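Below is one structure; the comments refer to it alone.
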Amino acid sequence: MFRILLRSMALPACVLALSACGSKGEGNSSAVTAAADQNEMQKYNAYVEAANTARTPFADIVATYQRSIKPVFDSGKDLTKLFFPSDPGIDRIKAQLDKALAMKPAMPELDGAARTYSQALAKVAPLYRDMANYIEAKTYVSDNGAHGRELQPALLTALDDVASAQATYAKAIEAADRARIKAEFEATKRDTLDYYRKGTVYYLKESMDHASGVLDGKGLGEQKAAFKASLDQFNTMAVQFDNKVREKDKTACASFMLHANAYLAAGRDIIQRTEDGTYAKDRKNGASFQMMKPKAAEDDETLLQTYNSVINDLNVSQC
């Protein structure tokens, strides 16, 4: 599962580009250096926005097509009611990528992946529109699926290519994000609002890294202790951040601790249910309760939802 995302899980704009969002740094920089840093941050934020624009991962669209649409076209049967996934924002994502690519300075760690992603989007766009119009208008009823079968191979190839390009781009953004957050956090003056804000982001993301097996349906495994430690560190940073915010304005960022506590509770529930065997019992009894969603799946969704709520709080100006 890819985390952008949030949504699937990359932290949007301000939270990612920490130096552009926090308090002003100590000391003075030359005007040239400041301008260069600002240009780099603006480009970086544009790339982050592109990562967060997709409403649905293309890999999910491929899976939906392979599961629900391709068998119908291949068999020529049940050509009465097809559903095509809504446009995930192909043109908007490409426009945002192209905007970032045109900006200076060069960012080799992101430019290549962004260019490949943009090119893949350009190829899939007309094919996606064609199939969407064909299915939404139920033209497959008139021609017995002929055009759909003709279009399908090229569309699937283009979808596979864009899904791969999106995943590569997401990994590049995540790597750049993590390096920036760590560097900014370690360089910030301690016991300041900015320090606790950056620490909150850093340990929030670190904890989700340790929970990646949970999100993939494999469980915590050997990451259980590291996940617990990161949750505890996030807890400390979040409380101190909330305290610093309230020193300035008691009404600012009012929902932050509500969502931070919900995320912590969700994570600690996962640890507890891993340790007490709840998930193992669920898997053992799975055949008897096929109509019920496994508890592990419910907890995964809760963890992701509460994570995104914390991110949304951190992206509002009051936080």
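For the working numbering, count along the sequence shown from 1 and bump the result up by 117. Note that the Cβ used here is the ideal one computed from N, Cα and C, for glycine as well. Keep in mind that this is a model prediction, so the values were computed, not measured.
- In the structure shown, N402 falls within a coil segment according to DSSP collapsed to helix, strand and coil.
- Collapsing the DSSP output to three states places P411 in coil.
- Here the alpha carbon of A342 sits roughly 20 Å from the alpha carbon of A355.
- With three or more CB-CB distances shorter than 8 Å, the stretch 188-195 counts as touching the stretch 260-276.
- For M325, the three-state secondary structure derived from DSSP is helix.
- The beta carbon of P222 sits closer than 8 Å to those of A153, N156, E157 and K160, all from its chain and outside the five residues before and after it, given in chain order.
- Its chain contains E226 as the residues whose beta carbon lies nearer than 8 Å to that of A292, once the 5 sequence neighbours on both sides are disregarded; these appear in chain order.
- According to the DSSP assignment, N352 belongs to the alpha helix (DSSP H) that extends over K341 to K365.
- In this structure, the CA atom of N169 is about 27 Å from the CA atom of I186.
- Cβ neighbours of F373 within its own chain (closer than 7 Å, five residues either side excluded): D359, D430 and C436.
- The beta carbon of T423 sits closer than 7 Å to those of H376, A379, Y380 and A383, all from its chain and outside the five residues before and after it, given in chain order.
- Taking every protein chain shown into account, the CB of P243 has fewer than 16 other CB atoms within 10 angstroms, so this residue is exposed.
- Between V279 and G206, the alpha-carbon positions lie close to 13 Å from each other.
- Of D177, I290 and L337, the smallest CA-CA separation from S324 is found for L337.
- Sequence-distant Cβ neighbours of T256 in its own chain, meaning closer than 7 Å and more than five residues away, are H264.
- Cβ neighbours of K412 within its own chain (closer than 8 Å, five residues either side excluded): R390, T395, Y396 and D399.
- DSSP, read as helix, strand or coil, puts N261 in coil.
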